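Remarks on the structure that follows.
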Ligand code: DX5
Ligand code: ZN
């Protein structure tokens, strides 16, 4: 199983003090997850490139593009604004091959995300070209939703097919649900409200890491 990574999503961070929020947690995290929403693929609109350009962190920035037709400028814009990984949605475009090629051409890591209702089969053909598959465990759009346990099966199946690929899970991650997804084979945990809505974001992320390491040790035995 690949290395465990925690990717705090700044969707639940204080928008007026994003860099302070990031600075506080960055020594405890692996990636900063930026949820980009276009008002079409999902209702809200979040994190325009002007905001992303202002982010200061030594961690890699990952753009989760919840947008229609990401190959139409979004991919280029977010890589040019400092994101070194791009996650597109299977449901958002008919040109997945072109979108992945564009991400790679620009030198970024490529990932595909699937909504809870989307089958794993729809992305298997792209697996070889991907750095990560992000399995949504809520319907994308908002932080603070309840984890959907029915997605566990997809994690198990994907881990059986590919032992090395990063498998991320996004939505409703907390100290209980991370156990379920990591025991099923996931290794990247995206979490917004559990970290940034906690009284102490550092404590929250350390607690997540502690639980994750416990699971890794169990898997090893
Ligand atoms: C959902 C976003 C997630 C979201 C997770 O549309 O893609 O990254 O911020 O929020 P929590 O961790 O609160 O479920
Ligand atoms: Zn996300």
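Numbering (the working numbering), first residue to last: 11 to 231.
Don't be surprised by glycine CBs; every beta carbon is placed ideally from N, CA and C.
Please read all numbers here as calculations on a predicted model, not as lab measurements.
Exposure of residue i, with buried meaning 16 or more beta-carbon neighbours within 10 Å
{"i": "residue 180", "result": "buried"}
{"i": "residue 6", "result": "The first residue shown for the chain is 11 and the last is 231, placing residue 6 beyond what the model contains."}
{"i": "residue 27", "result": "exposed"}
{"i": "residue 197", "result": "buried"}
{"i": "residue 46", "result": "buried"}
{"i": "residue 154", "result": "exposed"}
{"i": "residue 194", "result": "buried"}
{"i": "residue 58", "result": "exposed"}
{"i": "residue 109", "result": "buried"}
Residue i Cβ short of 7 Å to the ligand DX5 heavy atom set
{"i": "residue 88", "result": "no"}
{"i": "residue 69", "result": "no"}
{"i": "residue 151", "result": "yes"}
{"i": "residue 163", "result": "no"}
{"i": "residue 127", "result": "no"}
{"i": "residue 148", "result": "yes"}
{"i": "residue 21", "result": "yes"}
Same chain, Cβ closer than 7 Å to residue i, neighbours up to 5 away in sequence not counted
{"i": "residue 245", "result": "Absent from the structure is residue 245, since the part of the chain shown begins at 11 and ends at 231."}
{"i": "residue 219", "result": "16, 38"}
Own chain residues within Cβ distance below 8 Å of residue i, not counting five before or after
{"i": "residue 49", "result": "55"}
{"i": "residue 168", "result": "130, 143, 145, 175, 177, 195"}
{"i": "residue 172", "result": "137"}
Nearest-angstrom beta carbon gap, residue j and residue i [assumed within contact, 8 Å]
{"i": "residue 134", "j": "residue 122", "result": "Not a contact, Cβ separation roughly 10 Å."}
{"i": "residue 42", "j": "residue 21", "result": "Between residue 21 and residue 42 the Cβ distance is about 11 Å, and since that is not below 8 Å, they are no contact."}
{"i": "residue 73", "j": "residue 96", "result": "5 Å"}
Beta-carbon proximity list for residue i, same chain, < 6 Å, skipping 5 on both sides
{"i": "residue 142", "result": "121, 176, 178"}
{"i": "residue 23", "result": "31, 206"}
{"i": "residue 147", "result": "157, 158, 161, 179, 181, 182"}
Kindly provide the chain-ordered list of residues whose Cβ lies closer than 6 Å to any non-hydrogen atom of the ligand ZN.
19, 43, 45, 74, 180, 200
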